[in-house]
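The structure appears below as structure tokens.
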Amino acid sequence: MLLLTKTTLASPARKFRGLIPLMMVAVLFAATGALAACPFCAAVSQTFSEEIDTMDTVVVAQLVKLPPKPKPGDDSAPKATFRISTVIKGGEHVPKSKLIQTIYFGRAKLNSSFLVMGVDPPQVMWSTPLPMSKRGLAYVSKLKTLPQEGAARLAFFQDYLEDSDEMLARDAYDEFAKAPYESVIALKSKMDHDQLVAWIKDQNVPASRRRLYLTMLGVCGGKNDLPFLESLLRSKDRRAKAGLDALIACYLTLKGPDGLGLVEDLYLKNKKADYADTYAAIMAVRFHGNSAEIIPRQRLVKALHHMLERPQLADLVIPDLARWDDWSQIDRLVKLFKEADEKSSWVKVPVINYLRACPKPEAAEIIKELEKLDPAAVKRANTFFPYKPAKDDTKSNAEKVKAS
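Start counting the sequence shown at 26; every next residue gets the next number (the numbering used here).
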């Protein structure tokens with residue numbers, strides 16, 4: 026049995042425009058609490074801590090014997106011999122000889138160190154060994170001593186962000202990506218503002234990590250950062266705007282309500298804006314509407330109204346209007362339903378669900394009217410989304426940012 030460890034990474038998810046309407050409508054029916062994790066971060070893989078927790082035994086071992094050269098006709102996987110030097114977990118499952126054999130395809134020097142994990146004792150099945158530097162081994166050995174969550178845990182991983190050992194940098198990022206957003210806020214006093222800005226300016230930093238650093242800058246930054254952020258928003262260089270959703274959210278966090286004008290002009294009102302940029306702006310507005318009180322929801326809703334002038338993209342924001350109890354747009358949405366063509370037909374189901382959620386008595390009558398025009402759309406809404414949306418009782422993290 027070959028166990029998959031940190032050497033196997035999940036492939037990036039692909040985005041399909043046709044799926045986004047369904048995903049956005051689904052948002053309408055999901056109860057929302059305080060953000061569970063970094064709002065603009067997506068973990069690449071299991072963290073070392075998560076992986077260790079799922080294993081029965083974890084050890085550090087040195088390579089003592091390479092696999093023998095395969096004989097003609099022998100298709101068996103090559104196995105090398107390792108001597109265990111340190112037990113991180115599950116010492117009761119380690120053989121007395123301290124020697125283990127496991128599949129190994131590399132040609133490392135003898136006595137090189139590896140992290141090896143095993144499951145299913147007593148006949149432990151060992152993972153493919155993961156080569157580790159001394160720094161990496163020290164990193165892994167400290168994981169079990171860390172708090173389970175909170176700023177104290179993140180403070181340890183903060184020291185490894187953009188580490189020269191890419192494996193450690195990736196793991197540290199994943200820890201932040203999966204941490205409660207409240208823990209990121211609580212780290213404010215220990216954040217290195219200037220280092221975060223330097224990483225954001227570095228176009229060699231992956232977009233995923235840049236999103237994290239922008240999120241952190243939104244926590245520890247100030248008004249002096251606004252000219253820099255505005256220059257990125259206005260840039261024509263796609264690399265300068267990498268992680269645009271987090272960039273916009275950071276800018277709005279530091280600028281407040283006055284920042285929405287620029288975002289509207291660049292991405293929401295602007296019908297020539299790239300779809301990806303517009304979608305990023307919507308995500309940033311949604312973040313503020315769901316988790317912050319920095320900008321009044323009434324103002325955020327007004328910003329999203331511009332999207333109703335873009336029928337092919339209007340479906341992206343209709344669930345948010347319903348979620349935030351904005352029932353001022355019934356007439357515009359009915360018009361979108363009636364005028365929908367093959368390029369904007371997916372707007373119909375969100376419109377019906379908006380009306381289903383609407384507490385106004387006329388909403389039910391309007392649904393009956395629209396059902397006569399397109400009974401299939403109403404049926405799809407009832408079939409795929411049988412429940413009315415939960416009340417949005419999201420509490421803000423804004424006060425926690427200010428208090429930390």
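Just so it is clear, CB atoms sit at the ideal spot from N, CA and C, and this is done for glycine as well.
Note that the structure is a prediction, hence the values are computed from the model and not measured.
Member of the options whose CA lies at the smallest distance from the CA of residue i
i	options	result
residue 231	249, 186, 214	186
residue 142	310, 153, 159, 101	153
residue 240	331, 122, 216, 149	216
residue 410	394, 391, 390, 376	376
residue 326	335, 295, 311	311
residue 292	264, 334, 318	334
residue 111	388, 166, 358	166
residue 352	340, 395, 387, 172	387
residue 348	319, 384, 223	384
residue 90	406, 220, 131, 83	131
residue 237	304, 269, 248, 252	269
residue 114	85, 121, 99, 102	85
residue 296	336, 262, 323	336
residue 378	366, 367, 364, 342	342
residue 173	274, 95, 78	78
residue 258	190, 331, 98, 305	305
residue 192	140, 151, 218, 144	140
residue 346	382, 67, 211	382
residue 105	98, 155, 408	155
residue 64	235, 398, 194	235
Endpoints, the alpha helix (DSSP H) within which residue i is located
i	result
residue 308	300-316
residue 90	That residue, residue 90, is in no alpha helix (DSSP H); its beta strand (DSSP E) goes 82-90.
residue 192	191-203
residue 430	The chain is shown only over 26 to 429; residue 430 falls outside these bounds and no answer can be derived.
residue 79	73-79
residue 62	Careful: residue 62 lies outside any alpha helix (DSSP H) and carries neither H nor E.
residue 236	232-245
residue 328	322-330
Supposed contact pair residue j and residue i - C-beta distance, whole angstroms, cut 8 Å
i	j	result
residue 479	residue 181	No answer is possible for residue 479: the residues shown for the chain start at 26 and end at 429.
residue 314	residue 279	Contact doesn't hold; Cβ gap of about 17 Å is too wide.
residue 178	residue 171	5 Å
residue 362	residue 329	Incorrect: roughly 18 Å between the Cβ atoms, too far for contact.
residue 162	residue 138	6 Å
residue 319	residue 281	6 Å
residue 406	residue 359	Going by Cβ atoms, the distance from residue 406 to residue 359 rounds to 14 Å, so no, they are not a contact pair.
residue 175	residue 214	Not a contact, Cβ separation roughly 13 Å.
residue 66	residue 316	Actually they are not in contact, since the Cβ atoms of residue 66 and residue 316 sit about 14 Å apart, beyond 8 Å.
residue 331	residue 368	That pair is no contact at about 19 Å.
Boundaries of the beta strand (DSSP E) in which residue i is found, first to last residue
i	result
residue 113	104-114
Residue i - DSSP class collapsed to helix/strand/coil
i	result
residue 49	Because residue 49 carries a pLDDT of 40, less than 50, the predicted location of this residue cannot be relied on, and no value is offered for it.
residue 144	strand
residue 429	Below a pLDDT of 50, predicted positions are generally treated as unreliable, and residue 429, at 47, falls in that range; the measurement from the model is reported next regardless. Residue 429: coil per DSSP, three-state reduction.
residue 212	coil
residue 422	In this prediction, residue 422 has a pLDDT of 47, which is less than 50 and means its spatial position is unreliable; what the coordinates show is noted afterwards. Residue state, collapsed to three classes: coil.
residue 344	helix
residue 349	coil
residue 150	strand
residue 186	coil
residue 397	helix
residue 282	helix
residue 220	helix
residue 354	coil
residue 258	helix
residue 410	coil
residue 264	coil
residue 295	coil
residue 229	coil
residue 273	helix
residue 250	helix
residue 100	coil
residue 361	helix
residue 117	helix
residue 319	coil
residue 122	coil
residue 405	helix
residue 69	coil
residue 390	helix
residue 290	helix
residue 176	helix
Bridge partner(s) assigned by DSSP for residue i
i	result
residue 138	87
residue 127	105
residue 14	What is shown of the chain runs 26 to 429, which leaves residue 14 out entirely.
residue 156	139
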